[in-house]
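Accompanying notes for the structure given below.
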Amino acid sequence: MTISYNWLNEYLPEKIEPEKLSKILTAIGLEVESLEQYESIKGGLKGLVTGQIVNCEQHPNADKLKIVTVDINNGELLQIVCGAPNVAKDQKVVVAPVGITIHPVKGEPILIKVAKIRGVESYGMICAEDEIGIGENHAGIIVLPATVKVGLPASEYYKPYIDWVYEIGLTPNRMDAMSHLGVAKDVCAYLSYHNGKKYKPKNPFSDTFKPDNNESPVKVKIENTNACQRYSGVTIKDITIAPSPEWLQNKLKAIGQRPINNIVDITNYILHETGQPLHAFDADEINGNEIIVKNLRDGTAFKTLDGNERKLTGEDLMICDTKEGICIAGVFGGIKSGVKETTKNIFLESAWFNPVNIRRTSFYHDLRTEAASRFEKGVDISNTVNVLKHASLLIKEVAGGKIAGEIVDIYPKPKERSQIVLKYSYLKKLSGKNYDHDTIIKILESLGFEVIRETIGELWVAAPYDKQDISLPADVVEEIIRIDGLDNIEIPATISITPAREGMGLKETLLEKLSDYLVGLGFHEILTNSITNSNYYTKQEMNRSVKMINNLSADLDILKPSMLETALESIAYNINRKNNNLRFFEFGKTYSSGTVGAYQEEEHFCVYITGKNHGDSWHEKAKPSDFFMAKGIATSLLNICGLQNIKYSSPTTEKNGSRFAINSGSYTVGALWSISKERLQTFDIKQPVFFIDLIYPVVIDLFENQKVIYKEFGKFPTVQRDLAVIVDKSIPFGNVESAIKKLSLSRLHEIRLFDVFESNKFGERKKSLAINFTFIDDEKTLTDKEIDDMMEKIMQTVEKEFGAEIRKQ
20 MTISYNWLNE
30 YLPEKIEPEK
40 LSKILTAIGL
50 EVESLEQYES
60 IKGGLKGLVT
70 GQIVNCEQHP
80 NADKLKIVTV
90 DINNGELLQI
100 VCGAPNVAKD
110 QKVVVAPVGI
120 TIHPVKGEPI
130 LIKVAKIRGV
140 ESYGMICAED
150 EIGIGENHAG
160 IIVLPATVKV
170 GLPASEYYKP
180 YIDWVYEIGL
190 TPNRMDAMSH
200 LGVAKDVCAY
210 LSYHNGKKYK
220 PKNPFSDTFK
230 PDNNESPVKV
240 KIENTNACQR
250 YSGVTIKDIT
260 IAPSPEWLQN
270 KLKAIGQRPI
280 NNIVDITNYI
290 LHETGQPLHA
300 FDADEINGNE
310 IIVKNLRDGT
320 AFKTLDGNER
330 KLTGEDLMIC
340 DTKEGICIAG
350 VFGGIKSGVK
360 ETTKNIFLES
370 AWFNPVNIRR
380 TSFYHDLRTE
390 AASRFEKGVD
400 ISNTVNVLKH
410 ASLLIKEVAG
420 GKIAGEIVDI
430 YPKPKERSQI
440 VLKYSYLKKL
450 SGKNYDHDTI
460 IKILESLGFE
470 VIRETIGELW
480 VAAPYDKQDI
490 SLPADVVEEI
500 IRIDGLDNIE
510 IPATISITPA
520 REGMGLKETL
530 LEKLSDYLVG
540 LGFHEILTNS
550 ITNSNYYTKQ
560 EMNRSVKMIN
570 NLSADLDILK
580 PSMLETALES
590 IAYNINRKNN
600 NLRFFEFGKT
610 YSSGTVGAYQ
620 EEEHFCVYIT
630 GKNHGDSWHE
640 KAKPSDFFMA
650 KGIATSLLNI
660 CGLQNIKYSS
670 PTTEKNGSRF
680 AINSGSYTVG
690 ALWSISKERL
700 QTFDIKQPVF
710 FIDLIYPVVI
720 DLFENQKVIY
730 KEFGKFPTVQ
740 RDLAVIVDKS
750 IPFGNVESAI
760 KKLSLSRLHE
770 IRLFDVFESN
780 KFGERKKSLA
790 INFTFIDDEK
800 TLTDKEIDDM
810 MEKIMQTVEK
820 EFGAEIRKQ
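Residue numbers (this note's numbering): 20 to 828.
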C-alpha cells in the first residue's frame, strides 16, 4: 500500500514530520517498509538559477559555438561556452553553475565541472528542457520571460512537486487502512490516546451537494441482492473530458498512478482517498437508460476495456443495461461503455459487492485490479452515497457539467453492524496489560466503535462498517493494543510454562520410524508442491485430474495426480547444480476426480534414488545406485512396517518406465519403478532414477492388523548348505524361491541367492543360480541325514518344476 505524506497530512489536525509519522504508523500495525522522497522533477532543480545573458560572441575556434557572459546575481559574471542555436544577448535563461548536479530526462546525472571547450574555459551550462528533466525538448536552451528575476532559484520558478512516499506492508485484514483517510483515522486515534486530547481527521466531505436539475437520471435495478447488497449512482451531464489539473496529477503520480483524464483520475483519487472504488460509465452508451445488476449465462462473451474478449461464468456478477453486459461488477469495465474523449454525459457508480464473488471472478479472469483488491476485502457499505456526493462535486470542479437529478440508492436490506462482547479479563489475558476502562472506551470510540453497554466485567461494542474484519473479542483486543502501540506491549520478567508433548497416532509414529530409517541411510526429506504442470500428463490421466479454476500460473494448473513429476523437478534442479548423488524421500498426497465435484486424495510414502551409492574412497570405488539397491530399501521399509512375504511382480512397461508391483500377501502395497530414459529427458535428467511409491493407507491398514509375535533366539546351531542349479535365463529366482517355500520345510529358516553366473558351457539361454540355505531346529541339533533329506526334496522340486540341472562342481 502506497501512502503520500502530503496527501495524508491534508486530513491530520496537525503536521507531523515524515520520520515521526513513519514511527507512529509502524507502532499501530501499519508497518512502514520504506520511506522515499518523491520529486516530480528529478533532483528538484537544486542549485539551478535564473540568469541573464549580458554578452554573446562567436567562438574563435568553432562556427557552431558561442561564448556568452551570464549574470546570475551573485557578484560575478560567468563565462560559458554554449552550442544552442537560439542563444542570444539579453535572454533570461536557466543556468547550472559549476559544482551542481543536473538530472537529464535520459541518462545518468551529470556533475557540472569547469571545462575547456576548443581552447576556451566554460564555467557552467545554460540548460535545455531535457537536460534538467522538465521536458523532452532539446532544440535549444530554455528562454524565460523577460520579467523573471535574475538569480532566482529555478525550483522557485518551476515549483516542482516534492513529497514523501510510504510503502506500508498492509496485512490482508486491514481494508480500513487501504486509503489515506483510513490511515488518517488510525493516526488520529493514536494521537488522541498518547497526547491526552481528542483528535479527529479533517472531513473531506461537504454538505453542499445538490442536483442542478431534475432531469431523469439513470434507473437502477438489482436482481442478485446477495452479490450486490447496495448500489448507488448519479448522472452528470455536459462534462468536458480533458487532462486533470496539476494538483490532481501530482497526487496520483506520487503514489505511482498514471493520470489518464479528469474523470478517470477523479475515480482513482477517490479510491485512494476513501477506499471506495467508483466506476464511470458513458451514460449515452447505456441502453434503455437503465442499469441492471445480475448474472449472465455461462459462456457469454464479453469484451473488456483492454480489448480482450472473455467468456463469462454463470457466477460472474455483471452490470448490464437493457440489452447487454457493460461491466464486470467490481472488477473491470466493458469496452463499449467506458469513458472516451468524446464522452459528454456519465453515470457514476458507487456500490458494495460481495467479497467472495469479486475474488472468485477476479482470479478466474486474471484481472487483479485496484477496485477488485478493495471489494474482495470488503468496503464500507455505509459510505457509498457520501463518497458519490464528494466525487460529483470534484467532477464538477475539474470537468464542469451538471448533476442531473438526485442520487439513486438501492439498498434492499440495510446491513447491521457486528456486535462484540469484550470481557476485561480476556483483554488482560490476551494483552498482558491492565487498561483503564475509560481508556478502552476512548480508544474504541476514536476508531469509530459505538459503545452499546458497559458492565463491571465486560463491554458491548458495535464495530464500524469500515472494519469488516472485526467479529471476535480478539479482534477488538488487537485494535486496543495497536493504538496503545505494538512496541508498548509489556514483556513479563518471568514466563511460566508447562512443557507438553502430544502423543502421536499410529500413522505419525510409523511415518517417523520410516523417516528415521532413511535419514540413517543418508536420505533427505523433500516437500514438493501439490500443484503441478498438466503438460507432464497424458490425455487419459488428465481426464481424472483435479484442475485448478483460478490458477495464477500456466505452469501450475492441476493438483498432482502422481508423486513422481514434482520430485523429478527437484532432482533436475539439484543435478543442474552439480549435486548428482541424490537420495530423497517424501510423504505427500495425490489427487484425482472421477466425476464433477467428487474428489479423492491418496497418501503416499515415496523414495527417489539416483547417482552413486556412496563417494569414492581408498577402500572402495563408488558404484552407481541400481534397481537392486532400490528393491532392498523398499523391502526394508515394508519389513519395518511389520509386513512379510514381500513379492515383486514381473515388470510392466508404462509411460514412466518399468513398473514392478510390490505385494504383501494378496495386497498391492506399492510399486518400484525404473524410470525410462524418455521420461527423464522431459526433465533433462541424463542418469538413471529409481522410484519407490508406497500406498500409505494400505500399509497402515496392514500394519495395524499385523500380529506381533515375539520368538526366542534359537538355542541350537544353524546349518548352511549351498546349491547351484542351471535353469533357463527366463526363469526369475523369485519363482524358484516360491516353489521351494511351498514345500513348507519347517526347519528351513532362510533362502538366499548369492551368485548368478552365465556361460556358454551351460548351453544357450542358460544360467547358474547359486543358492544358500539356512536350517535350524528349535528343539535339537540337526543331523546330516535330516539336512540331506531336506536338500533332496529341494533338488527334486527344482528339477521337476523348472527342468533344472544340479551342478556337481
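Even for Gly, the Cβ is constructed at its ideal location relative to N, Cα and C.
Remember, it's a predicted structure, so these values are computed and weren't measured experimentally.
In this structure, Pro580 keeps its C-beta atom at 9 Å or more from the C-beta atom of Ser669.
Distance between Trp26 and Ile289, taken at the CA atoms: about 12 Å.
When only Cα atoms are considered, Ala680 and Ser572 end up about 35 Å apart. With respect to the C-alpha of Gly152, the residue from Pro172, Asp796, Lys61 and Glu33 having the closest C-alpha is Lys61. Annotation: the continuous beta strand (DSSP E) that includes Arg472 extends over Glu469 to Glu473. When the five nearest sequence neighbours on each side are left out, the beta carbons in the same chain lying within less than 8 Å of the beta carbon of Tyr667 are those of Lys650, Phe679, Ala680, Ile681, Asn682, Leu691 and Gly753, in order along the chain. Within the model, the alpha-carbon separation for Ile770 versus Glu805 is close to 17 Å.
Judged by DSSP in its simplified three-state form, Trp266 adopts helix. Each residue's CA atom was taken as its position, placing Ile305 and Thr341 some 8 Å apart. By the criterion of a C-beta distance shorter than 7 Å, Ile471 is surrounded in its chain by Gln438, Trp479, Val480 and Ala481, once the five residues flanking it on both sides are discounted. The C-beta of Lys486 has 16 or more other C-beta atoms within 10 Å across all chains shown, which makes the residue buried. Between the beta-carbon of Phe604 and that of Ser589 there is about 12 Å, and that puts the pair past the 8 Å contact cut. Going by DSSP, His213 is part of the alpha helix (DSSP H) stretching over His199 to Asn214. Between the stretch 143 to 152 and the stretch 85 to 103 there are three or more inter-stretch CB-CB distances shorter than 8 Å, so the stretches are counted as touching.
Apart from the 5 residues on each side of it in sequence, Lys204 sits with its Cβ closer than 6 Å to the Cβ of Pro220 in its chain, given in chain order.
One thing to note: Ala586 has its Cβ no nearer than 9 Å to the Cβ of Asp703.
DSSP, reduced to helix, strand and coil, places Glu95 outside both helices and strands of the structure shown, so it counts as coil. Counting only the Cα atoms, Gly326 lies some 44 Å from Cys207.
With contacts defined by Cβ atoms closer than 9 Å, Ile35 and Gly504 do not form a contacting pair. Its Cα nearest to that of Glu509, the residue Tyr454 stands out among Thr458, Leu546, Thr517 and Tyr454. Contact between Val253 and Ile426 holds, since their C-beta atoms are separated by about 5 Å, short of 8 Å.
Judged by DSSP secondary structure, Leu537 falls within the alpha helix (DSSP H) whose first and last residues are Leu525 to Gly539. In this structure, Ser693 lies near Phe646, with their beta-carbon atoms less than 9 Å apart.
In terms of CA proximity to Val615, Val565 leads the group Val565, Phe224, Thr629 and Asn554.
Taken through DSSP and simplified to helix, strand or coil, Asn791 comes out as strand. For Leu297, the closest alpha carbon among the candidates Arg698, Ile652 and Thr388 is that of Thr388. Residue environment for Trp266: exposed (fewer than 16 other C-beta atoms within 10 angstroms of its C-beta). Secondary-structure assignment with DSSP links Ala690 through a beta bridge to Ala680 and Asp712. In this structure, DSSP gives Ile568 a state outside helix and strand, which the three-state scheme calls coil. Residue Ile347 holds the alpha-carbon nearest to the alpha-carbon of Tyr383 among Ser749, Ile347, Arg193 and Arg563. Residue range Val51 to Glu58 is occupied by the beta strand (DSSP E) that includes Glu55.
Looking at Phe366, Lys111, Asn658 and Phe372, the one whose alpha-carbon comes closest to that of Lys313 is Phe372. In the three-state DSSP reduction, His456 falls in the helix class (H, G or I). Counting every other CB atom within 10 Å of its CB across the protein chains shown gives Thr166 a total below 16, marking it as exposed. Within the DSSP bridge table, the entry for Ile704 names no partner. Under the three-state reduction of DSSP output, Val727 falls in the coil class, being neither helix nor strand.
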